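Have a look at the structure below before the remarks.
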Amino acid sequence: MYNNLLIKLLEVDTLSYKTLTPNAQSIKKEWVLIDATDQVLGRLCSQVAKILRGKNKPCYSPFVECGDNVIIINADKCVLTGKKMTDRIYYTYTGYPGGQRELTPEVLMKKSYNKHLKPGMHPLYLRVVKGMLPKNRLGRKLIKNLHVYNGPNHPHEAQNPKVLDLNKVK
Numbered sequence: 343m344y345n346n347l348l349i350k351l352l353e354v355d356t357l358s359y360k361t362l363t364p365n366a367q368s369i370k371k372e373w374v375l376i377d378a379t380d381q382v383l384g385r386l387c388s389q390v391a392k393i394l395r396g397k398n399k400p401c402y403s404p405f406v407e408c409g410d411n412v413i414i415i416n417a418d419k420c421v422l423t424g425k426k427m428t429d430r431i432y433y434t435y436t437g438y439p440g441g442q443r444e445l446t447p448e449v450l451m452k453k454s455y456n457k458h459l460k461p462g463m464h465p466l467y468l469r470v471v472k473g474m475l476p477k478n479r480l481g482r483k484l485i486k487n488l489h490v491y492n493g494p495n496h497p498h499e500a501q502n503p504k505v506l507d508l509n510k511v512k
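Each residue of the sequence shown is one higher than the last, beginning at 343 in the working numbering.
Following this line, the structure appears as structure tokens:
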């Protein structure tokens, strides 16, 4: 009888110790608006990658898309320190012999004004942020939540984006 009582005292409710992991249905996604005027490109993009990934939320999980949608305006007014605008080189390879291509941030900025590009697809910002995201299915899904525009106007007014000042965010 004493043993039965001791066993009942030592029984623990294991249901209360379960770890809750977020899934796609339980995540509340928001829209965030960031102004890139006079921001350093790499520092801005590292903050954007953190927001896209969801690392700024308490319900972060590394294998779930729990980040927010990000809109960057005034993308043409960002700065690069030093001579990186002309000296930094991004390489691509077409897959054919002699198909190695070199691009500088200056060339990618000029490409962003190309009218044949889909609106919101800024080649420089996409390249920089994509390098900071995971290189798998999740990363390819997350980069679609980034929308970058050269001017102050954007077509996402209906989503009521929350304005975020990166100078005040840690």
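Ideal Cβ placement from N, Cα and C applies to all residues, glycine included.
It should be emphasised that the depicted structure is a prediction, and the values quoted were computed from it without experimental measurement.
A direct Cα-Cα distance of roughly 13 Å separates residue 362 from residue 369.
For residue 438, there is no enclosing alpha helix (DSSP H), as DSSP marks it with neither H nor E. For residue 410, DSSP assigns no beta-bridge partner whatsoever. Around residue 493, the same chain offers no residue with a beta carbon nearer than 6 Å, after the five sequence neighbours per side are excluded.
Cβ-Cβ distances below 7 Å link residue 366 to 406, 407 in the same chain, with the five nearest sequence neighbours on each side left out; the list follows chain order. According to the DSSP assignment, residue 470 belongs to the alpha helix (DSSP H) that extends over 465-472. Counting every other CB atom within 10 Å of its CB across the protein chains shown gives residue 378 a total of 16 or more, marking it as buried.
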